[in-house]
Amino acid sequence: MQSHEIDYKIIGEDIQIVEIELDQNETVIAEAGAMVYMHDGIQFETKMGDGSQANSGFMGMLKQVGSRLLTGESLFMTHFTNRGYQRSKVAFAAPYPGTILPIDLAQMQGNTLIAQKDSFLCAALGTKISIHFNRKLGSGIFGGEGFILEKLQGDGLAFIHAGGVVIEKYLNNESLRVDTGCVVAFEPSIQFDIQQAGGLRSMMFGGEGLFLATLRGTGRVWLQSMPISKLVEALAPYGRNSNKEGGSILGGLGNLLDGD
Numbered sequence: 001m002q003s004h005e006i007d008y009k010i011i012g013e014d015i016q017i018v019e020i021e022l023d024q025n026e027t028v029i030a031e032a033g034a035m036v037y038m039h040d041g042i043q044f045e046t047k048m049g050d051g052s053q054a055n056s057g058f059m060g061m062l063k064q065v066g067s068r069l070l071t072g073e074s075l076f077m078t079h080f081t082n083r084g085y086q087r088s089k090v091a092f093a094a095p096y097p098g099t100i101l102p103i104d105l106a107q108m109q110g111n112t113l114i115a116q117k118d119s120f121l122c123a124a125l126g127t128k129i130s131i132h133f134n135r136k137l138g139s140g141i142f143g144g145e146g147f148i149l150e151k152l153q154g155d156g157l158a159f160i161h162a163g164g165v166v167i168e169k170y171l172n173n174e175s176l177r178v179d180t181g182c183v184v185a186f187e188p189s190i191q192f193d194i195q196q197a198g199g200l201r202s203m204m205f206g207g208e209g210l211f212l213a214t215l216r217g218t219g220r221v222w223l224q225s226m227p228i229s230k231l232v233e234a235l236a237p238y239g240r241n242s243n244k245e246g247g248s249i250l251g252g253l254g255n256l257l258d259g260d
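Under UniProt numbering, the sequence shown is numbered contiguously, ending at residue 260.
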């Protein structure tokens, strides 16, 4: 094993926590600010990069930093290591409600997973996190996930998070059309492309947007029921009116009296 071999437990239903149990000197890496709690013996250190290439030198470190800048993530990652004499635990939570998905990279095609750029939560030390360019310009502009995706490589456990419920599907030389924001991750054998949602009337009035993502090939894909963009859009009207309506049945009458 190149990556540290860690144990875990996922706690909760709608807003989940992943609790990682570490043996002595085992390490888990995580996005800055993801930690919820840690037991005695756990020490943390903030570093540039994922630590998968400790001997890569200054240029290798600079490349990792540049990759994280392109994906919009923090320059730094936090390394949590058990320095005690007994097994100890550290827990992490996603930044918004949804599902935490454990991925055994050793079971992925080529030990690689392609994921949306903000989905990574934590992973065993030894996991390499880099960028994956979507080669098709249309997919990058209209694909929801953008032109730049994240590539996770290794032979240990990695954890990604998604909004709402996660659905895993296996494509056997098939194609699947999906709402562009609902793609969480897929194996590298899957081709990701964007196509029009249909005719002009369907595109303008169908409510499904102008484009749909097409996943084609043989391999596994993971979909989310509520991407963060849809959650923000759904909650926005309540945020604008909450100071007036206050959740009351008289909110509408209050708006009339206010002249709204």
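By construction, the Cβ of each residue, glycine as well, lies at the ideal position given by its N, Cα and C atoms.
Beta carbon proximity, residue i to chain C, threshold 7 angstroms
i   : result
Y37 : No chain C appears in the structure shown, which is made up of a single protein chain.
Which residues DSSP lists as bridging residue i, in chain order
i    : result
A236 : None, per the DSSP bridge assignment.
S225 : For S225, which the question treats as bridged, DSSP gives no partner whatsoever.
M38  : V90
T78  : A30, T46
H161 : I100
K128 : Q153
D193 : T214
R220 : Y170
Range covered by the beta strand (DSSP E) that runs through residue i
i           : result
I29         : 27-31
residue 298 : Within the shown structure, residues of the chain are numbered from 1 to 260, placing residue 298 beyond reach of any answer.
A106        : No beta strand (DSSP E) contains A106, which DSSP labels as neither H nor E.
Y8          : 7-11
C122        : 120-124
E187        : Per DSSP, E187 belongs to no beta strand (DSSP E) and is neither H nor E.
I17         : 17-22
Test item: CB-CB of residue i and residue j under 7 angstroms
i    : j    : result
S88  : I42  : yes
A94  : H161 : yes
L212 : Q195 : yes
G126 : G154 : yes
G163 : G110 : no
L157 : I114 : no
T78  : F44  : yes
P102 : F186 : no
F92  : A34  : yes
I6   : V36  : no
C122 : A236 : no
V178 : W222 : no
I11  : I100 : no
I129 : L152 : yes
S189 : T214 : no
V166 : Q224 : yes
Q191 : R220 : no
Can we say the segment 166-183 touches the segment 7-17, given the rule of at least three CB pairs closer than 8 angstroms?
The segment 166-183, when compared against the segment 7-17, does not touch it at the 8 angstroms Cβ threshold.
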